[in-house]
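K.L.:
Please see the structure below; I have some questions.
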Amino acid sequence: MTTIFRTSLRPPDPADIENLVRQTGFFSAEEIGIARELADDGLAQGHSSHYRFVLADLDKRLAGYACFGPVPCTQAGWDLYWIAVAPAAQGQHLGRALLERVESAVLAAGGTRLYVDTSSRRQYLPTHAFYARQGYQKVAEFPDFYAPQDGKIVYAKVLGPNGA
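According to the working numbering, the sequence shown is numbered sequentially starting from 32.
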């Protein structure tokens, strides 16, 4: 099995991204719709889109993806909007490989900080551990942000030679 990484969206990708995000079982219908919307925008706008993508194809099927972009009104801050790996491809370090490619792309574009928002729900404990293993630090927490008992946690990483 060969994994191919790419940064250009193809016409089937928005539907494949929607399906992949749904398969994870982590996201609401509204969140799934947003993931599709960002991919639709990226496909329609191309390089003019605010959203950038790294996609991982395993045996010619979408196995994971990340969506990221610069934070408006900052000099070097970037947001990681989405990172998701198909359940069948989890545990193979694909998430780490996607994140490393995002970090490299951010650095190449002059970014020095990458921010990640995630849920505080118990279901996300493995996600929190993933970011910690990749050198991200929890920098903020907002209780009950998304819903009662569902807070927002913000992780950040300084990229480049001065990074952690």
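From the three backbone atoms N, C-alpha and C, an ideal C-beta is built for every residue, glycine too.
1) Count the CB pairs spanning the segment 62-74 and the segment 36-53 that are closer than 8 Å, and state whether there are at least three.
2) Is the CB-CB distance between Tyr112 and Gly100 below 8 Å?
3) Does the distance from the C-beta atom of Leu86 to that of Trp109 stay below 8 Å?
4) Would you please state the rounded distance, in angstroms, between the beta carbons of Leu130 and Ala97? I believe it to be under 8 Å.
5) Phe84 and Gln154 - do their beta-carbons sit closer together than 8 Å?
6) For the candidate residues Tyr162, Arg92 and Ala139, whose alpha-carbon lies nearest to that of Ala126?
7) Leu40 to Gly166, Cα distance in whole Å?
P.N.:
Per the coordinate set shown:
1) yes
2) Numbered from 1 along the sequence shown, position 81 holds the residue referred to as residue 112. Numbered from 1 along the sequence shown, position 69 holds the residue referred to as residue 100. Closer than 8 Å, so yes.
3) Numbered from 1 along the sequence shown, position 55 holds the residue referred to as residue 86. Numbered from 1 along the sequence shown, position 78 holds the residue referred to as residue 109. No, they are not a contact pair.
4) Translated into the one-based positions of the sequence shown, residue 130 becomes position 99. Translated into the one-based positions of the sequence shown, residue 97 becomes position 66. 7 Å between Cβ atoms; contact.
5) Within the sequence shown, numbered from 1, the residue matching residue 154 stands at position 123. Within the sequence shown, numbered from 1, the residue matching residue 84 stands at position 53. Taking 8 Å as the Cβ cut-off, Gln154 and Phe84 do not qualify as a contacting pair.
6) Against the sequence shown, residue 126 aligns to sequence position 95. According to the sequence provided, residue 126 is Gly. The question's Ala does not apply to it. Closest option to Gly126, Cα to Cα, is Tyr162.
7) The residue given as residue 40 occupies position 9 in the sequence shown. The residue given as residue 166 occupies position 135 in the sequence shown. Their Cα atoms are separated by approximately 28 Å.
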